[in-house]
Every structure is written in structure tokens, then in C-alpha cells.
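S.K.:
In the numbering used here, the protein residues as written are 525 to 680.
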């Protein structure tokens with residue numbers, strides 16, 4: 525049996541696991557399918573503020589678990605994604621978002637490219653300086669020998 529669209533299977537698995545974990549938490553509210561999709565998107569957009577490395581959907585610190593519960597409550601209450609993101613940005617700053625908007629997001633992509641270009645430039649200039657220091661392997665012939673060879677071959 526071949527799985528033709530593994531992305532759907534992964535999304536369905538995540539939604540199912542989230543539903544199971546929400547139901548297991550003992551909270552009386554269950555989320556609809558559209559609310560679960562919103563919850564899933566938000567938990568992968570928000571970064572855990574304890575280490576700033578992983579989304580709260582993956583991270584398992586106390587702060588991340590509290591944020592998971594908070595996001596679930598906000599979604600259950602009917603808040604939009606933008607409202608929920610705004611709440612967490614107000615608390616923790618733009619750094620809480622995995623993909624910050626505006627110029628700050630562009631800088632996150634631009635800095636590594638600029639650093640890479642600088643490293644390539646420095647490596648090229650270093651290689652050029654090393655190559656220019658290497659003496660020529662075949663020294664040129666003395667001028668007397670060059671004139672003699674020209675006279676003997678008839679090339680003036």
C-alpha cells in the first residue's frame with residue numbers, strides 16, 4: 525500500500541494526537557476540526573520562551589505546556605489566530621513568532637547570506653594572496669639566450 529499524500533497523513537495524525545491529548549487533559553471543552561487546525565498552526569508558530577529554540581508544539585518545558593493550554597483556551601473561546609499571536613507578542617515580543625513579520629523577519633534571512641558572502645570573499649582574497657607569493661616554477665630565460673634562439677629559428 526503506497527501513501528500518495530504523506531502530508532495529509534501527518535496532518536491527520538497531528539490533529540488526532542492533539543484531540544486525544546486535549547481529551548486526556550480532562551478539560552471539558554473539545555475543539556472542532558477547524559479549531560484543531562488553528563490550534564495546530566498556532567502551536568507550531570509560537571516559540572517556547574524558555575530557550576527560544578523550538579515551537580511549543582514540540583517543546584515540553586513548564587512554560588511551553590502552559591502556553592499550549594493557553595492557546596487551547598483562546599481557540600476554544602473563539603479568538604482568531606491574529607488575536608492570539610498579538611497576545612503572545614505583547615507578552616514576549618516578536619521573538620515569540622517562528623517567522624517574525626516585516627523587516628525583522630527579513631534580517632533573519634539576510635544576515636546568514638551576508639555572512640556567507642563575506643566568508644567566500646575573505647577565502648578568495650586569502651587564496652589570491654597565497655598564490656601571488658608562490659614563485660614562478662619556470663624562471664624566464666636570460667635575454668642573451670632569447671636573442672640566440674630567435675636568430676637560429678629566424679623569428680625576429
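Even glycine gets a Cβ: it sits at the ideal position worked out from N, Cα and C.
In the DSSP assignment, the alpha helix (DSSP H) including residue 677 goes from what residue to what residue?
M.R.: It spans 667-677 - the alpha helix (DSSP H) in which residue 677 sits, taken as one unbroken run.
S.K.: Quick check on the DSSP output: the alpha helix (DSSP H) that includes residue 603 runs from which residue to which?
M.R.: Per DSSP, residue 603 belongs to no alpha helix (DSSP H) and is neither H nor E.
S.K.: Exposed or buried, which one is residue 572 when buried takes at least 16 other CB atoms within 10 Å?
M.R.: Buried.
S.K.: Could you have a look at residue 571 and say whether DSSP puts it in helix, strand or coil?
M.R.: Three-state DSSP puts residue 571 in a strand.
S.K.: Taking residue 558 as the reference, give the member of 608, 641, 599 with the closest Cα.
M.R.: Residue 599 is the option with its Cα nearest to residue 558.
S.K.: When the Cα atoms are used, what is the spatial distance from residue 637 to residue 575?
M.R.: Looking at the two C-alpha atoms, the distance is approximately 24 Å.
S.K.: Since residue 592 and residue 609 should fall inside the 8 Å C-beta cutoff, what is the C-beta to C-beta distance between them, to a whole number of angstroms?
M.R.: The pair is not a contact, with the Cβ atoms about 15 Å apart (cut-off 8 Å).
S.K.: Near residue 612, which residues of its chain fall below 7 Å by C-beta distance, leaving aside the five closest residues on each side in sequence?
M.R.: Correct list, in chain order: 570, 620.
S.K.: Excluding the five sequence neighbours on either side, which residues of its own chain have a C-beta within less than 8 Å of the C-beta of residue 667, listed in chain order?
M.R.: No residues qualify anywhere along the chain.
S.K.: Can you list, in chain order, the residues of its chain with a C-beta nearer than 7 Å to that of residue 562? Leave out the 5 residues immediately preceding and following it.
M.R.: Hits under 7 Å: 599, 605.
S.K.: For residue 673 and residue 634, what's the separation of their Cα atoms in angstroms?
M.R.: One C-alpha to the other measures close to 60 Å.
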